[in-house]
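Enquirer: No gaps in the numbering here: position 109 of the sequence shown is 109 in my numbering, and each next residue is one more.
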Amino acid sequence: MYGEPRLTHDVDLVLALRDAADAEAIERAFPNDQFYVPPLEVIRAEQARQLRGHFNIIHHDTGYKADVYLRGRDPLHLWAFDRRLRVKLEGTELVVAPVAYVIVRKLEYFREGGSEKHLDDIAGILRVSGDAIDVAEIDQLVGERGLAGEWAAARARG
C-alpha cells in the first residue's frame, strides 16, 4: 500500500487477542476444513508471550497465508495500534498500520535476518510515499531501537 508492488502470497495481521474467548474465536472464524489453524494450545501459548507472539493461518485451496502477530505488550505494536488508519480500498474499509510502523518493523526484520528484501521494500516506500512520511517520527523510533545503521542503509537505496 505504501510502496512499490511486490508479488506476495501472504498478508501480515496484528491482532489484539484479550482472552481465551478471543483465541477460540480464531478457530470459529477459520474452519479446519478450509484453513490450517494451529491448535488452540499453540494460539494460547503465543498469546501468553510478552512480546511478538506469532502464528500462521493458511487457506487450503489457495495456499494463501496470513502471518498473524499478536499485539501483546510489544511497544511498537501498541504505538501502531494507537495510530492505525482507516482506508477504503475498492469499497471495503480496512484498518492499516501507519507507514512509520511498517518501515521500523522492516528495519528490525532486516537486522534480525539480514534479508535485503526489507531494505528494498523500504526504499520503495520512500520513493512512492516519500512526501507523506514523517521522517522525524521515524528517526525517533529508529533511535529508540538502535536501528540508525539499518535506517541509513535503507535511505541510501531510496
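The C-beta atom is built at its ideal place from N, Cα and C for all residues, glycine as well.
1. Helix, strand or coil for V160, going by three-state DSSP, please let me know.
2. What first and last residue would you give for the alpha helix (DSSP H) that runs through L126?
3. I need the straight-line Cα distance from G146 to I103, nearest angstrom please.
4. For F55, write down the residues that DSSP places opposite it in a beta bridge.
5. Quick test of your reading: D10 and D61, contact by CB under 8 angstroms. State the CB separation rounded to the nearest angstrom.
6. Is DSSP giving E90 helix, strand or coil here?
7. Can you tell which of L40, A45, G53 has the C-alpha that lies nearest to the C-alpha of L13?
8. Does DSSP put D12 in a helix, in a strand, or in coil?
9. Which first and last residues belong to the alpha helix (DSSP H) in which F110 is found?
10. At what residues does the alpha helix (DSSP H) containing P75 begin and finish?
11. Figure out for me which residue from A132, G3, Q47, E112 has the closest Cα to the Cα of E24.
12. Anyone know if the C-beta pair for G3 and G124 falls short of 7 angstroms?
13. For F30, which option in R127, A153, E150, N56 has the closest C-alpha, if you only look at C-alpha atoms?
14. Closer than 7 angstroms by C-beta to L119: which residues in its own chain qualify, once you throw out the five before and the five after it? Chain order, please.
15. Could you give the distance in angstroms between the alpha-carbon of L85 and the alpha-carbon of Y101?
16. Quick check on DSSP: helix, strand or coil for L186?
Expert: Straight from the coordinates:
1. Missing from the structure shown is residue 160; the chain here goes from 1 to 158 and no further.
2. Along the sequence shown, read from residue 1 onward, the residue named residue 126 stands at position 126. Taken as a continuous stretch (DSSP letters only), the alpha helix (DSSP H) holding L126 covers 116–129.
3. As a first step, residue 146 must be located in the sequence shown, where it is residue number 146. As a first step, residue 103 must be located in the sequence shown, where it is residue number 103. Answer to the nearest angstrom: the Cα atoms are 14 angstroms apart.
4. For the purposes of this step, residue 55 is taken as the residue at position 55 of the sequence shown. F55 pairs with V68.
5. Translated into positions along the sequence shown, residue 10 becomes position 10. Translated into positions along the sequence shown, residue 61 becomes position 61. That pair is no contact at about 15 angstroms.
6. Along the sequence shown, read from residue 1 onward, the residue named residue 90 stands at position 90. If DSSP states are grouped into helix, strand and coil, E90 belongs with coil.
7. Along the sequence shown, read from residue 1 onward, the residue named residue 13 stands at position 13. That would be G53, whose Cα lies nearest to the Cα of L13.
8. Stepping through the sequence shown from its first residue, residue 12 is reached at position 12. Three-state result, D12: strand.
9. Here residue 110 corresponds to residue number 110 of the sequence shown, with the count starting at 1. Its alpha helix (DSSP H) spans residues 99–113.
10. Locating residue 75 in the sequence shown gives position 75, counting from the first residue. Here the alpha helix (DSSP H) through P75 covers 75–82.
11. The count along the sequence shown starts at 1 and reaches residue 24 at position 24. Answer by Cα proximity: Q47.
12. Position 3 of the sequence shown, counted from the first residue, corresponds to residue 3. Position 124 of the sequence shown, counted from the first residue, corresponds to residue 124. Their beta carbons are under 7 angstroms apart, which means G3 touches G124 by this criterion.
13. By 1-based counting over the sequence shown, the position of residue 30 is 30. If we check each option's Cα against that of F30, N56 comes out closest.
14. Working through the sequence shown from its first residue, we reach residue 119 at position 119. Around L119: F110, A153, A154, R157.
15. Numbered from its first residue, the sequence shown carries residue 85 at position 85. Numbered from its first residue, the sequence shown carries residue 101 at position 101. Looking at the two C-alpha atoms, the distance is approximately 12 angstroms.
16. In this structure the chain extends from 1 to 158, so residue 186 is not present and cannot be described.
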